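To start, the structure under review is shown below, and the notes come after it.
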Amino acid sequence: MLISEPTLREKLEENYSHLFESKFLDEIIKVGFRSSIKRGGLLIDIGEEMTHIPLILSGVIKIIRKENKKELVLYFLEHGDTCAISFANCINRQQSIFKGIVEEDVDMVLLPVDKIDKWLVKYESFRHFIIDSYHFRLLEMVESIDDLAFLKMKERLLKYLKNIANTSNDLNLEITHQEVATDLNTSRVVITRLLKELHDEGKIYSKRNKIEILEN
DNA sequence: ACATTAAGTGATT
DNA sequence: AATCACTTAATGT
Numbered sequence: 045m046l047i048s049e050p051t052l053r054e055k056l057e058e059n060y061s062h063l064f065e066s067k068f069l070d071e072i073i074k075v076g077f078r079s080s081i082k083r084g085g086l087l088i089d090i091g092e093e094m095t096h097i098p099l100i101l102s103g104v105i106k107i108i109r110k111e112n113k114k115e116l117v118l119y120f121l122e123h124g125d126t127c128a129i130s131f132a133n134c135i136n137r138q139q140s141i142f143k144g145i146v147e148e149d150v151d152m153v154l155l156p157v158d159k160i161d162k163w164l165v166k167y168e169s170f171r172h173f174i175i176d177s178y179h180f181r182l183l184e185m186v187e188s189i190d191d192l193a194f195l196k197m198k199e200r201l202l203k204y205l206k207n208i209a210n211t212s213n214d215l216n217l218e219i220t221h222q223e224v225a226t227d228l229n230t231s232r233v234v235i236t237r238l239l240k241e242l243h244d245e246g247k248i249y250s251k252r253n254k255i256e257i258l259e260n
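The first sequence maps to residues 45 to 260 in the numbering used here.
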């Protein structure tokens, strides 16, 4: 996709103009690569090195922690977000500690590492953006830990489902019990039973490959 | 019609 | 809440 495509500036302005001055947007457009990944695609895997920092224009990315075959979903990234962890990874040439899977077709601009250092000094807005991103991700991470420690699986499940519904702006989720189980690092049987309970309580409606959120 | 994949369930730990 | 073992239902070829 060409960087000069007219929609790029519009999309950038739509998501980042309240953060970045137009002079900075010009630079982003000049050196950034427009890129897109389809649902199911891999943005980054654990152990890989990142060479670019993504600014997400649309779509959703699922951030996962993985430890010997077991997985746990930590949070989702959407338009206006960036992968905060990638900054440190880029600057220090460190390997990613997360896996990023595309949950909904992603459209993004990739910023090359070598520009990042200069921009951090040159643009206060960018500096603040990075620090804010880090802060927000830290809060999300703490929330994940809290959920893990203090919530029962049924509560975690409902929260997880609502979270997806929110980020994707759709109360109808196309997802299997197995996928949910994998994301929450539990077994399919457990999810099936809890979904049935939530269904009977009128909080959701579920059938094969489909879960609808009925309450907010 | 048959095979495959998704979901439901009782019993046990 | 996890695991096993099995059944039933939905879907693809």
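Even for Gly, the Cβ is constructed at its ideal location relative to N, Cα and C.
Please read these numbers as outputs of a predicted model, since none were measured by experiment.
Secondary structure note for Tyr249: it is in no alpha helix (DSSP H), and the uninterrupted beta strand (DSSP E) holding it is 248 to 251. As summarised for the region 54 to 131, the continuous alpha helix (DSSP H) elements at least 4 residues long and confined to that stretch are 66 to 75, given in chain order. Approximately 4 Å separates the beta-carbon atoms of Ile108 and Lys143; this is inside 8 Å, confirming the contact. Asn253 and His221 have their C-alpha atoms roughly 8 Å apart.
DSSP lists Ile108 as the bridge partner or partners of Lys143. Scanning Leu86, Leu164, Asn207, Glu57 for the CA closest to the CA of Ser140 turns up Leu86. In the three-state scheme derived from DSSP, where H, G and I count as helix and E and B as strand, Ile160 is classed as helix. Straight through space, the alpha carbons of Lys203 and Lys162 are spaced by roughly 40 Å. Just measuring C-alpha positions, the residue of Asn213, Lys196, Ile174, Leu116 sitting nearest Ser102 is Asn213. Distance from the CA of Phe170 to the CA of Phe194, rounded to the nearest whole angstrom, comes to 36 Å.
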